[in-house]
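J.: Letter by letter, the sequence shown follows residues 374 to 528 in this note's numbering.
C-beta: ideal position from N, C-alpha, C; glycine also.
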Amino acid sequence: MSTPSIEAPRAGRISPRYTRNGSGKGNFEMIAWLFMRISGALLVILIFTHLFINLMVGDGIKAVDFGFVAGKWASPLWQVWDLVMLWLAMLHGTNGVRTIINDYAEKNSTRMWLKTVLYSATVVIIVLGTLVIFTFDPCPANATLDQLPSFCPAP
Numbered sequence: 374m375s376t377p378s379i380e381a382p383r384a385g386r387i388s389p390r391y392t393r394n395g396s397g398k399g400n401f402e403m404i405a406w407l408f409m410r411i412s413g414a415l416l417v418i419l420i421f422t423h424l425f426i427n428l429m430v431g432d433g434i435k436a437v438d439f440g441f442v443a444g445k446w447a448s449p450l451w452q453v454w455d456l457v458m459l460w461l462a463m464l465h466g467t468n469g470v471r472t473i474i475n476d477y478a479e480k481n482s483t484r485m486w487l488k489t490v491l492y493s494a495t496v497v498i499i500v501l502g503t504l505v506i507f508t509f510d511p512c513p514a515n516a517t518l519d520q521l522p523s524f525c526p527a528p
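Next up, the structure:
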């Protein structure tokens, strides 16, 4: 009695002599893979520093309020810090979801629509987040005294 042999997955589909070339989709996927590793490492540093500064330095979680954010975003350093976190987190997450869509969506039309929704949502969130970070004004010029936070000078 002979033991049945199980053919290796994808046997015969890919030639053993297969080598990558530097063109086409393979290069994009390699860059996307590299981006995920680099952005993930940067995000760990950015996020843990952000949490440490906001929660451990100063008065802790009790101090995080509208005034704290307003004071923080008065500095270009913290505006750029939060902007880099926003952009990296959104692009990192979008690239991960894109990979999941490519892996699990079977039909090309489904894949195309899911990616369209994903990319549209990503652009909207990045644009709105960037606008909020750079146009945030806790003390607008034409606000009445009852509309202003306590730390704003009287108009």
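Where does Asp510 land, buried or exposed, given buried means 16+ other C-beta within 10 angstroms?
T.: Around the beta carbon of Asp510, fewer than 16 other beta carbons sit within 10 angstroms, so the residue counts as exposed.
J.: Mapping the DSSP letters down to three states, classify Glu380 as helix, strand or coil.
T.: coil
J.: Select from Val490, Trp460 and Trp454 the residue whose C-alpha is nearest the C-alpha of Val470.
T.: Val490
J.: Cα-Cα, which of Trp446, Asn515, Gly440 and Pro522 is closest to Thr602?
T.: Residue 602 is absent from the model: the chain starts at 374 and stops at 528.
J.: Compare the beta carbon distance of Ile506 and Asp455 with 8 Å and say whether it is the shorter of the two.
T.: If you check the CB distance, Ile506 and Asp455 come in under 8 Å.
J.: Which runs of the beta strand (DSSP E) spanning at least 3 residues fall entirely within the segment 433-457, listed in chain order?
T.: none
J.: Does DSSP put Asp510 in a helix, a strand or coil?
T.: coil
J.: Have a look at Met463 and Phe425 and give me their C-alpha separation to the nearest angstrom.
T.: 21 Å
J.: DSSP on Ile473, reduced to helix/strand/coil?
T.: Taken through DSSP and simplified to helix, strand or coil, Ile473 comes out as helix.
J.: Give the single residue among Thr467, Thr483 and Leu415 whose Cα lies nearest to the Cα of Met458.
T.: Cα-wise, what sits closest to Met458 is Leu415.
J.: Ignore the nearest five residues each way along the sequence and tell me which others in Pro522's own chain have a CB closer than 8 Å to its CB.
T.: Phe439, Gly440, Ala443, Pro511 and Cys512
J.: Suppose you measure from the CA of Thr467 to the CA of Pro526; what does that come to, to the nearest Å?
T.: Going from the Cα of Thr467 to the Cα of Pro526 covers about 42 Å.
J.: If we ignore side chains and look at the alpha-carbon of each, how far apart do Asn475 and Glu402 end up?
T.: 11 Å
J.: Return the CA-CA distance between Ser493 and Leu428, expressed in angstroms with no decimal places.
T.: Cα to Cα, Ser493 sits roughly 33 Å from Leu428.
J.: Apart from the five residues just before and just after Ala405, which ones in its own chain have a Cβ nearer than 6 Å to its Cβ?
T.: Asn468
J.: Leaving out five residues on either side along the sequence, give the residues of the same chain with a beta carbon under 8 Å from the beta carbon of Trp451.
T.: Contacts found: Lys445.
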